[in-house]
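Note that numbering that gives the first Met the number 0 has the sequence shown beginning at 0, numbered continuously upward.
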Amino acid sequence: MAADRRTLYVSDLDGTLLRPDGTLGDFTAAVVNELVAGGGLFTYATARSPYRAALLTQSLNLQLPLITYGGAVITDPVTSRTLRTATPPAAAVRTLITAAARRGLQPLVFVQHAGRDRLCWIDGPLNWGTGDFLRRRTDDPRLLPLASWSQVSLEQVFYISLIGPLTDLEECRSDLVEELADCDVLISEDVYVPGQFILDLTSAAGTKAAALQQVAAEVKADEVVCFGDNVNDLGMFGAADRSYAVANAVAEARRVATAVIGSNAVEGVARWLREHAA
Numbered sequence: 000m001a002a003d004r005r006t007l008y009v010s011d012l013d014g015t016l017l018r019p020d021g022t023l024g025d026f027t028a029a030v031v032n033e034l035v036a037g038g039g040l041f042t043y044a045t046a047r048s049p050y051r052a053a054l055l056t057q058s059l060n061l062q063l064p065l066i067t068y069g070g071a072v073i074t075d076p077v078t079s080r081t082l083r084t085a086t087p088p089a090a091a092v093r094t095l096i097t098a099a100a101r102r103g104l105q106p107l108v109f110v111q112h113a114g115r116d117r118l119c120w121i122d123g124p125l126n127w128g129t130g131d132f133l134r135r136r137t138d139d140p141r142l143l144p145l146a147s148w149s150q151v152s153l154e155q156v157f158y159i160s161l162i163g164p165l166t167d168l169e170e171c172r173s174d175l176v177e178e179l180a181d182c183d184v185l186i187s188e189d190v191y192v193p194g195q196f197i198l199d200l201t202s203a204a205g206t207k208a209a210a211l212q213q214v215a216a217e218v219k220a221d222e223v224v225c226f227g228d229n230v231n232d233l234g235m236f237g238a239a240d241r242s243y244a245v246a247n248a249v250a251e252a253r254r255v256a257t258a259v260i261g262s263n264a265v266e267g268v269a270r271w272l273r274e275h276a277a
């Protein structure tokens, strides 16, 4: 590899850069910070919010734009300023919310409201999956229970999650193929709660792949190398020049990756970076 070749390294967080318990290893922090200090290009792409991702990666000295909310939001790690937000059509948002309610699914809606991003849901009894998700975030300043969706602007929604049985989520998606044509809709298993499935909706322009291409152009990267473990990383794998699945990745990610590396339990991404990105 030419010495002046600019390679951008992009890693997913949960199940990939983070260990199985959802924490960042000291070895990973040391390797990434050494890479960045030496002029290397590194960032992450996560379905997490900027707020929660920052809590987990505060030991990293990152400088490049961060890809959050599955690619819907790009932020500046130094100023915490939002650089770009991709929003799906409001009609699609309304359609999904209505269809979810008919199936007894409870949408978790992420929206720009009063100058900040908020996590909203209709206040009242919660099903197990939605309740579990919110209980794990009781200290999250984004939480905003609503009496009605009319309390926020659906035009400002950038991300929706539904948690429920896999069959219900798949049927909801298949029933709305035409209505959600301008959106990206992914269903994946929760990394930390086996058997719990999540449907995530963003704009078609608000994906990890689209955000990765934008960041790569901004930093003038000659090559993009990415790391991931789940189905929401597949688009990013396709957009990158090289893609690496951790050993604990889902079968589809392992199958399409350039190669399979060590698992997140052994900090496989950091080990690969130490060996190949020096």
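From the three backbone atoms N, C-alpha and C, an ideal C-beta is built for every residue, glycine too.
Being a predicted model, the structure only gives us computed values, none of them experimental.
Determine which residues share a DSSP beta bridge with residue 44 and list them.
Its beta-bridge partners are 66.
Beta strand (DSSP E) runs wholly inside the segment 115-192, at least 3 long, in chain order:
Whole beta strand (DSSP E) segments, 3+ residues: 115-121, 142-145, 156-163, 182-188.
Does the Cβ of residue 57 have 16 or more other Cβ atoms within 10 Å, making it buried, or fewer, making it exposed?
So residue 57 ends up on the exposed side.
Do you know offhand how far residue 38's Cα is from residue 63's?
Computed Cα separation, rounded: 11 angstroms.
Are the beta-carbon atoms belonging to residue 163 and residue 95 less than 8 angstroms from one another?
The answer is no: Cβ separation not under 8 angstroms.
On a CA-only basis, which of 131, 7, 166, 97 is nearest residue 44? Give me that one, please.
Checking every option, the nearest Cα to that of residue 44 belongs to 7.
Does residue 201 come out as helix, strand or coil in the three-state DSSP assignment?
The three-state reading of DSSP puts residue 201 in strand, counting E and B together.
With a threshold of 16 other CB atoms inside 10 Å of the CB of residue 120, please say whether the residue is buried or exposed.
A residue is called buried when at least 16 other Cβ atoms come within 10 angstroms of its Cβ; residue 120 meets this threshold and is buried.
Exposure of residue 264, with buried meaning 16 or more beta-carbon neighbours within 10 Å
By the 10 Å Cβ count, residue 264 comes out exposed.
Coil, strand or helix - residue 4 by DSSP
If DSSP states are grouped into helix, strand and coil, residue 4 belongs with coil.
Quick check on this structure: which residue in 161, 145, 47, 12 has the alpha carbon closest to the alpha carbon of residue 266?
The shortest Cα separation from residue 266 among 161, 145, 47, 12 belongs to 12.
Close-in-space but distant-in-sequence residues of the same chain around residue 40 (CB under 7 angstroms, 5 per side omitted)
Cβ contact annotation for residue 40 (same chain, cutoff 7 angstroms, sequence separation greater than five): 5, 6, 7, 8, 63, 218, 220, in chain order.
Candidates 116, 155, 68, 153: closest to residue 140 by CA position
Answer by Cα proximity: 116.
From the DSSP output, which residues share a beta bridge with residue 111?
Beta-bridge pairing links residue 111 to 116.
Verify whether the separation of the beta carbon atoms of residue 61 and residue 49 is less than 8 angstroms.
Residue 49 is positioned such that its CB atom lies no closer than 8 angstroms to that of residue 61.
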